[in-house]
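Heads up: the sequence shown at position 217 corresponds to 217 in full-length UniProt numbering, and the numbers run straight through without jumps.
Even glycine gets a Cβ: it sits at the ideal position worked out from N, Cα and C.
Quick caveat, the model's predicted, so the values are computed rather than measured.
In what follows, a structure is listed as structure tokens, so that the remarks can point back to it.
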Amino acid sequence: MQFLTVMEQFDNYLQHLQPMQDSTEEVLNKFSGFRQHLDSILLKHRNTVTEALLETRKDVKGLEIILSRQIHETIRSEIRRCFENQTTAIRSQTNTPAPMYDAKDTIKLLLHQGQFNKAFHQALLANDLNLVEYTLKNADHTAVFTPDCRLEQKVLLSLIQQISADMSNHNELKQNYLADALLAINPMDSITREHAPKVLQELFRNCQIFLVNNPKNQQCSNVRMLMKAVQTYMDQF
């Protein structure tokens with residue numbers, strides 16, 4: 001009898017545990033469902049953020065390309081404007097030269113310091129052929145062009161343009177600078193490819209005029225060789 005009572009109590013205990021077990025499983029199932037739902041939300045959010053980052057990178061890259069083009073175009077426009085102003089000043093007889101003595105002292109100092117590009121650039125900006133000739137005479141021609149040319153492409157083109165603008169007193173020094181400047185032109189440079197054809201055409205035309213006006217000048221043979229070199233270079237543009 002006592003054994004039956006114990007069994008009944010045990011059965012009652014098990015019946016009491018069953019709802020608790022069912023409740024625990026329900027909680028676990030809900031928790032598992034919530035976790036799956038949370039994982040789904042996180043995955044969706046991660047994909048959204050990734051797509052947004054990719055779009056942002058595309059936008060930034062696009063802005064970089066646009067900005068690069070604008071900067072390049074601005075530089076080209078400024079260089080074109082400088083060349084046009086320089087051509088106008090050379091052909092004009094009314095341009096006012098910079099104070100000669102101050103400019104010469106500055107250029108001489110720059111040459112002494114080995115700053116050839118800066119010295120030539122300053123002389124060419126003055127649009128004064130006398131100052132350019134002064135720079136040619138005082139610069140170490142060999143150091144300027146060997147082993148590599150020390151002048152930037154825009155300075156080279158400007159130098160060719162100004163030396164050949166007035167060949168009435170053309171001499172061996174100018175001839176040597178023209179020849180070496182021509183050899184130092186880089187056809188692959190974007191600025192050079194844009195401006196070199198016009199500069200070379202002017203050089204060729206000025207050489208023709210020189211030969212007509214000075215048929216017995218001792219530099220005639222060198223000028224003819226220079227013209228052949230110009231024709232060869234023009235074919236590269």
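Local conformation of F237 per DSSP, three classes: Within the sequence shown, residue 237 is the residue found at index 237, counting from 1. Reduced to three states, the DSSP call for F237 is coil.
Counted within 10 angstroms of its Cβ, other Cβ atoms place M167 as buried (16 or more) or exposed: As a first step, residue 167 is located in the sequence shown; it is residue number 167 there, counting from the start. Under this definition M167 is a buried residue.
Residues near M234 in its chain [Cβ-Cβ closer than 6 Å; skip 5 each side]: Within the sequence shown, numbered from 1, the residue matching residue 234 stands at position 234. The answer, listed in chain order, is L200.
Where the alpha helix (DSSP H) through R193 begins and ends: Counting from 1 along the sequence shown, the entry for residue 193 is found at position 193. Looking at the DSSP string, the run of the alpha helix (DSSP H) that includes R193 is S190 to N213.
Beta-carbon proximity of L131 to A103, cut-off 8 Å: On the sequence shown, residue 131 is found 131 positions in, with the first residue counted as 1. On the sequence shown, residue 103 is found 103 positions in, with the first residue counted as 1. A contact, by the Cβ cut-off of 8 Å.
Buried versus exposed, by CB contacts within 10 Å (16 or more), K216: Taking the first residue of the sequence shown as 1, we reach residue 216 at position 216. It is exposed - the Cβ of K216 has fewer than 16 other Cβ atoms within 10 Å.
Close Cβ partners of D180 (< 7 Å) along its chain, the five nearest in sequence each way excluded: For the purposes of this step, residue 180 is taken as residue 180 along the sequence shown, with counting starting at 1. Within the same chain, D180 has close Cβ partners F145.
Selection from A196, F237, L110 and F210 that minimises the alpha carbon distance to N169: Working through the sequence shown from its first residue, we reach residue 169 at position 169. The shortest C-alpha to C-alpha distance from N169 to any of A196, F237, L110 and F210 is the one to F210.
DSSP state of C220 mapped onto helix, strand, coil: For the purposes of this step, residue 220 is taken as the residue at position 220 of the sequence shown. C220 falls in the helix class under three-state DSSP.
Where the alpha helix (DSSP H) through N117 begins and ends: Within the sequence shown, residue 117 is the residue found at index 117, counting from 1. Its alpha helix (DSSP H) spans residues F116 to L125.
Burial state of D59, where buried means 16 or more other Cβ atoms lie within 10 Å: Taking the sequence shown and counting its residues from 1, one reaches residue 59 at position 59. Burial call: exposed.
Three-pair Cβ contact test at 8 Å for the region 190–197 versus the region 142–162: Yes: at least three Cβ pairs fall under 8 Å.
Endpoints, alpha helix (DSSP H) assigned at residue 242: Past the edges of the chain, shown from 1 to 237, lies residue 242, and the structure says nothing about it.
Nearest neighbour of M227, chosen from T48, H121, S40 and L183 [CA to CA]: For the purposes of this step, residue 227 is identified with residue 227 of the sequence shown, where counting begins at 1. The option with the nearest alpha carbon to M227 is L183.
Nearest-angstrom Cα separation, counted from T106 out to A119: Looking up residue 119 in the sequence shown gives position 119. Looking up residue 106 in the sequence shown gives position 106. A119 and T106 have their C-alpha atoms some 8 Å from each other.
Length of the line joining the Cα atoms of E64 and N214: Translated into the one-based positions of the sequence shown, residue 64 becomes position 64. Translated into the one-based positions of the sequence shown, residue 214 becomes position 214. Their Cα atoms are separated by approximately 54 Å.
Neighbourhood of A98 by C-beta, 6 Å cutoff - its chain only, sequence neighbours within 5 removed: Mapped onto the sequence shown, residue 98 falls at position 98. Summary for A98: the model assigns pLDDT 47, below 50, so the residue's position carries little reliability; its value from the coordinates is reported in the next sentence. Closer than 6 Å at Cβ, skipping near neighbours: A126.
Same chain, Cβ closer than 8 Å to Q175, neighbours up to 5 away in sequence not counted: For the purposes of this step, residue 175 is taken as the residue at position 175 of the sequence shown. Within the same chain, Q175 has close Cβ partners Q219, N222, V223 and L226.
For D39, three-class secondary structure by DSSP: The count along the sequence shown starts at 1 and reaches residue 39 at position 39. In this structure, D39 counts as helix in the three-state DSSP scheme.
Limits of the unbroken alpha helix (DSSP H) element including Q161: Position 161 of the sequence shown, counted from the start, is the residue given in the question as residue 161. First-last of the alpha helix (DSSP H) with Q161: Q153 to A165.
Separation of E202 from Q208, as counted between CA atoms: Residue 208 sits at position 208 when you count from the first residue of the sequence shown. Residue 202 sits at position 202 when you count from the first residue of the sequence shown. One C-alpha to the other measures close to 10 Å.
Buried or exposed (CB count within 10 angstroms, at least 16 for buried), V212: Locating residue 212 in the sequence shown gives position 212, where the first residue counts as 1. When all chains shown are included, V212 counts as exposed.
Nearest neighbour of T142, chosen from L129, F116 and E133 [CA to CA]: Looking up residue 142 in the sequence shown gives position 142. It is F116 whose Cα lies nearest to the Cα of T142.
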